[in-house]
Structures are given as C-alpha cells and as structure tokens.
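Sequential numbering from 1 applies to the sequence shown in the working numbering. Quick reminder that beta carbons are idealized off the backbone N, C-alpha and C, glycines included.
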Amino acid sequence: METNYDEFMKIALKEAEKAKSKDEVPVGAIITKDGKIIARAHNTKNMDKNALHHAEMLAIIKAQKKLKDWHLYDCSLFVTLEPCPMCAGAIVNSRVGTVVFGAFDPKAGCYGSVFDFKQKFNHTPQVVGGVLGEECGKILTNYFKEKRNKNGN
C-alpha cells in the first residue's frame with residue numbers, strides 16, 4: 001500500500017484539471033504499483049460519447065494493458081471522487097488492491113456514501129477516503145457552479 005497519498009492525489013487532481021479543460025466533469029485517476037505511476041486518466045465521457053469513460057475505468061484499462069494482466073492486486077487507485085457503482089464493480093473485478101479517493105460523493109459514491117462496496121464480494125480492496133477531500137470537492141463544485149452560471153441557472 002502506498003503511503004504518500006497526498007502526493008499521488010495531487011497528480012490525480014492534475015488529471016481532473018485536464019478533464020475540466022475539455023469541459024468534462026473534472027475527475028482524475030492514477031494507478032500506482034511499487035510507488036510508481038503506471039496509468040493516468042480523466043473523464044472523457046462527453047468527448048468520446050461513451051458512458052463508460054470514467055477516469056477510474058480508463059485508468060484500470062491502461063494499467064492492465066501496461067502490466068499485461070487483468071489482476072491489479074498490488075496496485076493502488078487514486079481518484080479524486082468516490083467511485084460510482086460501475087467503477088466500484090470494475091475495481092472488484094480487476095482486483096485493485098487499494099482505493100484512495102478524495103471527495104465523498106453523496107449522490108453515487110459506493111465506498112460509504114450511498115452504498116458500501118466493502119461487502120462480501122470475491123475481492124475487497126483496502127479503502128481510504130477523504131484524501132485532499134476539500135481540494136477534490138472544490139474542483140467539482142466550481143465546475144458545476146460555472147456550468148450553472150453559463151446556462152443561466
């Protein structure tokens with residue numbers, strides 16, 4: 001398990017900024033193994049017209065490709081927002097060892113907010129929530145505030 005959570009989360013936040021610059025919901029993710037980043041991704045759902053293109057999903061695909069294996073037991077996923085049901089399922093199925101997330105998601109979060117995926121599945125990752133939570137939440141809040149202002153809501 002990685003110990004420099006803040007440093008890795010700052011890198012995930014840079015990915016979230018990339019998403020924001022493309023007018024995507026600003027969520028970023030990285031995957032590490034042995035203290036090294038092996039995958040980076042950010043939301044591209046709107047740009048790619050694909051509901052599956054969440055940051056976590058894309059990072060998992062890249063990490064599996066890099067390792068030439070679908071098992072990510074010894075890997076840590078750092079993501080700026082608590083994973084949704086789809087992403088939590090992908091985390092279980094790809095056997096990610098540790099999940100570290102920033103902001104809690106009271107509408108769709110599946111590691112304690114709406115549901116807790118730390119149930120009796122065939123794999124249960126270690127989970128750490130709230131890492132740089134204020135910063136991770138702020139980028140999302142500001143993004144949606146700007147969208148509402150732009151649309152006159």
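Taking His53 as the reference, give the member of Val128, Ala59, Lys45 with the closest Cα. Stepping through the sequence shown from its first residue, residue 53 is reached at position 53. Per the Cα distances, Lys45.
The alpha helix (DSSP H) that contains Ser94, what's its start and end? Your numbering for residue 94 matches position 94 in the sequence shown. From DSSP, the alpha helix (DSSP H) with Ser94 extends over 85-94.
Determine the direct distance from the alpha carbon of Ile37 to that of Val25, and round the result to whole angstroms. Position 25 of the sequence shown, counted from the first residue, corresponds to residue 25. Position 37 of the sequence shown, counted from the first residue, corresponds to residue 37. So the alpha carbons of these two residues sit roughly 22 angstroms apart.
At the level of alpha carbons, what is the spacing between Glu2 and Ala88? Translated into the one-based positions of the sequence shown, residue 2 becomes position 2. Translated into the one-based positions of the sequence shown, residue 88 becomes position 88. Caution applies to Glu2, whose pLDDT of 49 falls short of 50 and renders its modelled position unreliable; the value that the coordinates give is listed next. Taking the straight line joining both Cα atoms gives about 20 angstroms.
CB contact flag (Gly133, Gly112, <8 angstroms): Here residue 133 refers to the residue found at position 133 when the sequence shown is read from its first residue. Here residue 112 refers to the residue found at position 112 when the sequence shown is read from its first residue. No, the Cβ-Cβ distance between Gly133 and Gly112 is not below 8 angstroms.
In whole angstroms, what separates the C-alpha of Cys110 from that of Cys84? In the sequence shown, residue 110 corresponds to position 110, counting from 1. In the sequence shown, residue 84 corresponds to position 84, counting from 1. Answer to the nearest angstrom: the Cα atoms are 5 angstroms apart.
At the level of alpha carbons, what is the spacing between Ser21 and Glu15? As a first step, residue 21 must be located in the sequence shown, where it is residue number 21. As a first step, residue 15 must be located in the sequence shown, where it is residue number 15. Spanning the two alpha carbons is a distance of roughly 10 angstroms.
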